[in-house]
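Report on one structure; see the data block that follows.
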Amino acid sequence: MFVLENGAKKGEDPRLQAISQAIRVVPHFPKQGIMFQDITTLLLDHNAFKDTVDIFVDRYRDMDISVVAGVEARGFIFGSSIALGIGAKFVPLCKPGKLPGEVISEKYVLEYGTDCLELHVGAVQSSERVIIIDDLVATGGTLSAAIRLLELAGAEVVECACVIGLSDLKVRSKLNGKPLYILLEPRQPENGY
Numbered sequence: 016m017f018v019l020e021n022g023a024k025k026g027e028d029p030r031l032q033a034i035s036q037a038i039r040v041v042p043h044f045p046k047q048g049i050m051f052q053d054i055t056t057l058l059l060d061h062n063a064f065k066d067t068v069d070i071f072v073d074r075y076r077d078m079d080i081s082v083v084a085g086v087e088a089r090g091f092i093f094g095s096s097i098a099l100g101i102g103a104k105f106v107p108l109c110k111p112g113k114l115p116g117e118v119i120s121e122k123y124v125l126e127y128g129t130d131c132l133e134l135h136v137g138a139v140q141s142s143e144r145v146i147i148i149d150d151l152v153a154t155g156g157t158l159s160a161a162i163r164l165l166e167l168a169g170a171e172v173v174e175c176a177c178v179i180g181l182s183d184l185k186v187r188s189k190l191n192g193k194p195l196y197i198l199l200e201p202r203q204p205e206n207g208y
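Our numbering puts the first residue of the sequence shown at 16, with every later residue one more than the last.
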């Protein structure tokens, strides 16, 4: 189902069922109690993968977006395809030590520790309109850091978007008022794990 930035549900796009079914749920990975949403199986299904990208491209095509920022690593897969589809540049937001040039960075807190995202200096220009893409949003910490990092570089973050996520107000509260667009809510395993 479509979950829009205000949490309202819109008429269901017929492509969403196939996209949802293409995502494998792996119980208790990487630790007990986690129902891992594995998008690698979505990538194996050419039609479902294309439909996923097409839905995002349809959304952003006429929003004057100049930059698509993808969060390492699965955000790269969707983000680069979306950037090509809307005629924008793609900018990777990477974990420390992955970018070879001068970077700016933003640290953030996770449930189990801290992490950091980095961006090449000069990758975005002041006032460029950016969307941030990742495969999944759980707590909002990574997206929040991505917003801060891009705003530090002078960009205007228009929206965050994920293939999978919860329409949770706690997540949205971490995004500093930025809209969050989610295609699907997390699936549960079909065999009742």
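The C-beta atom is built at its ideal place from N, Cα and C for all residues, glycine as well.
For residue 51, which beta-bridge partners are listed by DSSP? For this step, residue 51 is matched to residue 36 along the sequence shown. Its beta-bridge partners are 41.
Please report how far the alpha carbon of residue 198 lies from the alpha carbon of residue 177, in whole angstroms. Within the sequence shown, the letter at position 183 stands for residue 198. Within the sequence shown, the letter at position 162 stands for residue 177. Approximately 7 Å between the Cα atoms of the pair.
Entirely within the stretch 76-152 and at least 4 residues each: give me those alpha helix (DSSP H) ranges in chain order. Taken in chain order, the whole alpha helix (DSSP H) runs of length 4 or more contained in the stretch 76-152 are 89-101.
Own chain partners of residue 160 with C-beta closer than 6 Å, once the 5 adjacent residues on each side are dropped: Counting from one through the sequence shown, the residue named residue 160 turns up at place 145. Shown here for residue 160: same chain residues with a beta carbon closer than 6 Å to its own, the five before and five after excluded, namely 121, 123, 132 in chain order.
Please report how far the alpha carbon of residue 110 lies from the alpha carbon of residue 172, in whole angstroms. Residue 110 sits at position 95 when you count from the first residue of the sequence shown. Residue 172 sits at position 157 when you count from the first residue of the sequence shown. Looking at the two C-alpha atoms, the distance is approximately 20 Å.
Tell me the residue span of the alpha helix (DSSP H) that contains residue 165. Position 150 of the sequence shown, counted from the start, is the residue given in the question as residue 165. Note, residue 165: alpha helix (DSSP H), 156-167.
Pairwise C-alpha distance: residue 96 and residue 179: As a working mapping, residue 179 is identified with position 164 in the sequence shown. As a working mapping, residue 96 is identified with position 81 in the sequence shown. Straight-line spacing of the CA atoms in residue 179 and residue 96 works out to 17 Å.
Enumerate in chain order the residues of its own chain whose CB-to-CB distance from residue 190 is below 8 Å, with the five nearest sequence positions on each side excluded. Position 175 of the sequence shown, counted from the first residue, corresponds to residue 190. So the list reads 155, 158, 159, 162, 175, once near-sequence residues are dropped.
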